[in-house]
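Below you'll find the structure, written out as structure tokens, and then a few comments.
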Amino acid sequence: MPESGWLQWTIILVLTALLLSVVVLAQIVATYWTAYVVAPQEIVTFIDTVDFSIQENESYDRDVAKVQRLEDKIRLGQLLREIQKGGDDLREQLNSLVVSDGATTLKTSARLLWGAKRPQLEDRVRRLDLLRMRFLVVYMGIMTSVVDRNPPPPPPLPRDPEKIAAFSTPTKPSLRKSLTESVVKRPPLRRLTTQAIGHQENVITPHRKGWAGVVEELQTSPRMQQRHASIELAMSQTTP
16 MPESGWLQWT IILVLTALLL SVVVLAQIVA TYWTAYVVAP QEIVTFIDTV
66 DFSIQENESY DRDVAKVQRL EDKIRLGQLL REIQKGGDDL REQLNSLVVS
116 DGATTLKTSA RLLWGAKRPQ LEDRVRRLDL LRMRFLVVYM GIMTSVVDRN
166 PPPPPPLPRD PEKIAAFSTP TKPSLRKSLT ESVVKRPPLR RLTTQAIGHQ
216 ENVITPHRKG WAGVVEELQT SPRMQQRHAS IELAMSQTTP
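Residue numbering for the sequence shown follows our numbering, starting at 16 and increasing by one per position.
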């Protein structure tokens, strides 16, 4: 009875191990099958990356030629040689995977093992991108230091007289001599007094505010008194 129990447990463990192995194997097969399907498109992408890197190296050569200091030129030259070496290594590895140099068709063995070859190519491309980024950072730092040491000259002033007048400080306009003399010699304005409107100088009325003061002032006005007298005289003549 104990021996049969150990045999059952052994069979269960063996079946479990086989099942796990089948699952892992299925995942590996699925990964390689997916890589096999997309391999033609991805190899074209890697080849384009290498061609782009070669074109960038030509522009980097011109950037190095613009640098004046010898130390900066040597530093950029070392980075450029590393970039070129990384591009050459990537090109050689790609040429070993395709049917012929310059072709985009993978070999059968390379396509079947594309799942293992692709990570290696991705690492090389990533390293090449990092070197290119490092080169750009160093080059921009050198250009910035050059600009700081030699600031550009100020922009020239505009030659147009209208623009020069617009930028100049406005001055206070001065009056002509004849105008100033007329202002000085002009007599002061005559002050409006109560005599001009018919009031007597000896009439003193208290100052009131509002309509009450206006009515009282009209009642004490000589003209209003004459008008009232003429109206009463006319009324007395018309009555029988």
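Heads up, the beta-carbon is just placed ideally off N, CA and C, and yes, glycines get one too.
Remember, it's a predicted structure, so these values are computed and weren't measured experimentally.
Item	Value
Validate contact between the segment 94 to 111 and the segment 136 to 152 using beta carbons, cut 8 Å, 3 pairs	yes
Beta-carbon proximity of Thr119 to Ile62, cut-off 8 Å	yes
Distance between Gln135 and Tyr75 (C-alpha atoms, nearest Å)	26 Å
Beta-bridge partners of Leu121, as assigned by DSSP	Val113
At least 3 beta-carbon pairs within less than 8 Å: the segment 45 to 55 vs the segment 120 to 130	yes
Supposed contact pair Leu105 and Val65 - C-beta distance, whole angstroms, cut 8 Å	5 Å
Of the listed residues Glu57, Ala244, Leu22, nearest to Arg126 (C-alpha basis)	Glu57
Under the three-state DSSP convention, the category Arg84 falls into	coil
Exposure label - Gly117; buried when at least 16 CB within 10 Å	exposed
Contact check, Gly102 vs Ser124, beta carbons under 8 Å	no
Separation of Val59 from Leu33, as counted between CA atoms	39 Å
Same chain, Cβ closer than 6 Å to Tyr154, neighbours up to 5 away in sequence not counted	Asp78
Sub-8 Å separation of Arg142 and Gln108 beta-carbons	no
Distance, Val82 Cα to Ser160 Cα	11 Å
Buried/exposed call for Ala54, threshold 16 Cβ in 10 Å	buried
Local conformation of Thr46 per DSSP, three classes	helix
DSSP-derived helix/strand/coil call for Leu128	coil
For Thr235, the three-state DSSP class (helix, strand or coil)	coil
Through-space distance from Ser36 to Val44, alpha-carbon basis	12 Å
Rounded separation between Asn21 and Leu28 - CA only	Note that residue 21 corresponds to Trp in the displayed sequence, not to Asn. Roughly 11 Å between the two C-alpha positions.
Close beta carbons around Gly92, own chain, < 8 Å, minus the five adjacent residues each side	Val79
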